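Colleague: After the structure tokens below, expect a handful of questions from me.
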Amino acid sequence: MNKKVINTEKAPRPIGPYSQAIQAGEFLFLSGQIPIDPSTGEIIKGDIRQQTRQVLENLKAILESQGLGMEDVVKVTIFLKDLKNFAQVNEVYGTYFSTPAPARTTVEISRLPRDCELEIEAIAFHPSPR
85 MNKKVINTEK
95 APRPIGPYSQ
105 AIQAGEFLFL
115 SGQIPIDPST
125 GEIIKGDIRQ
135 QTRQVLENLK
145 AILESQGLGM
155 EDVVKVTIFL
165 KDLKNFAQVN
175 EVYGTYFSTP
185 APARTTVEIS
195 RLPRDCELEI
205 EAIAFHPSPR
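Structure (structure tokens):
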């Protein structure tokens, strides 16, 4: 199977030894994104809704760099520092995914990179050629 490393300047640069995404066969595996503004490299300030929006915009930028959209996402994992924020995250999340929405898992986790409030990773289906 061929693997292809995906990187775009429209999403935050990795903050460790990993790729923004890896295409393996017809699937694109997107690394977890945190609410980093790609233009500054800084965590955005604001409430959990604004942070969720930034995370989803980062994922969207990676998808778009490969000619894909949010409708191509088949699985999402959301990591939350506090499940009390679930409703607000869900509110924003619902504006990015239409029906049928991708499969999803949401878990509470004690700590995330750069002490942010959430991280979201995704898997997209990438049929060839596109």
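Per my numbering, numbering of the sequence shown is gapless, rising by one per residue and ending at 214. For every residue, glycine included, the Cβ atom is placed at its ideal position computed from N, Cα and C. Bear in mind that the values here come from a model prediction, so they are computed numbers and not experimental data.
1) Short of 8 angstroms in beta carbon distance, which residues of its chain neighbour Glu201, apart from the five on each side in sequence? Order them along the chain.
2) Which residue comes first and which comes last in the beta strand (DSSP E) that contains Lys87?
3) For the beta strand (DSSP E) that Thr161 lies in, which residues bound it at each end?
4) Please report the distance separating the alpha-carbon of Ile52 from that of Val158.
5) Who are the Cβ neighbours of Lys94 in its own chain at under 7 angstroms, not counting the five residues just before and after it?
6) Can you give the Cα-Cα distance for Ile128 and Arg195, rounded to whole angstroms?
7) Determine the burial state of Ile206: buried for a count of at least 16 other Cβ atoms within 10 Å of its Cβ, exposed for fewer.
8) Which residue's Cα is closest to the Cα of Val173: Gly125, Pro98, Gln138 and Asp199?
Modeller: According to the data block:
1) Pro119, Ile132, Gln135, Leu164, Lys165, Asp166 and Asn169
2) Lys87 to Ile90
3) Val157 to Leu164
4) The first residue shown for the chain is 85 and the last is 214, placing residue 52 beyond what the model contains.
5) Pro122, Ala145 and Ser149
6) 17 angstroms
7) Position check: residue 206 holds Ala in this sequence, whereas Ile was assumed. Ala206 comes out buried.
8) Gln138
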